[in-house]
Amino acid sequence: MSELRECPFCGKEACYVDKDGNAVSDPSPDIACARTACMPPTSYVPADTWQSRPLEDTLRAELERVKAENEWIPTEEKYPELEEDVYVTNGIFYGVSGLYKDNNTGTFEWECNFEPTHWKPITLLPAAPEEGE
Ligand SMILES: [Zn+2]
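Numbering-wise, our numbering puts 116 at position 112 of the sequence shown, and it's gapless, one number per residue.
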């Protein structure tokens, strides 16, 4: 079995236990929180149940996706696709802008009236308000 997941109640280390609730070093069918203050020694959980957390896994994946979606990308690292509107900021001003290449000079120019230091894709627009909202 893979590494033991943390305790779902306190987030601390878990351990394998024998039927009497004593911590054992070898994998056993039961797992408990290593903190006896968190779970009484005899309240162990079957390993399959302890390790399986579909709702938690789904929520963690969704959280990672949303975090990644909301990361500002430094313009020093990467530019967006040309002529695609993106959110931009320089830490003081925020806006929506596209990046364009000046074919005469070969330089890149933003459409906004400040020099963005960061940008992120426009991925999520809120739903339009309902009538009467
Ligand atoms: Zn715990």
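Using N, Cα and C, we set each Cβ at its ideal position, and we do this for glycine too.
Because the structure is a prediction, the values reported are computed rather than measured.
Taking C-beta atoms under 8 Å as the contact rule, PRO84 and PRO125 qualify, at a distance of about 7 Å. Secondary structure of PRO58 (DSSP, three-state): helix. Between THR62 and TRP123, the beta carbon gap of about 29 Å keeps them out of contact (Cβ cut-off 8 Å). Annotation note: the region 57-134 contains the following uninterrupted alpha helix (DSSP H) runs of length 4 or greater, listed N- to C-terminal: 58-73.
Relative to PHE97, the option among THR53, TYR104, PRO120, PRO12 whose CA is nearest is PRO120. Just measuring C-alpha positions, the residue of SER56, ASN94, VAL90 sitting nearest TYR104 is VAL90.
CYS42 has its CB nearer than 7 Å to a heavy atom of ligand 1. Remark: the shortest separation between the CB of ARG39 and any heavy atom of ligand 1 falls under 7 Å. Scanning THR53, VAL49, GLU81 for the CA closest to the CA of GLY25 turns up VAL49.
Across the structure, ASN107 and GLU17 are spaced so that their CA atoms are roughly 59 Å apart.
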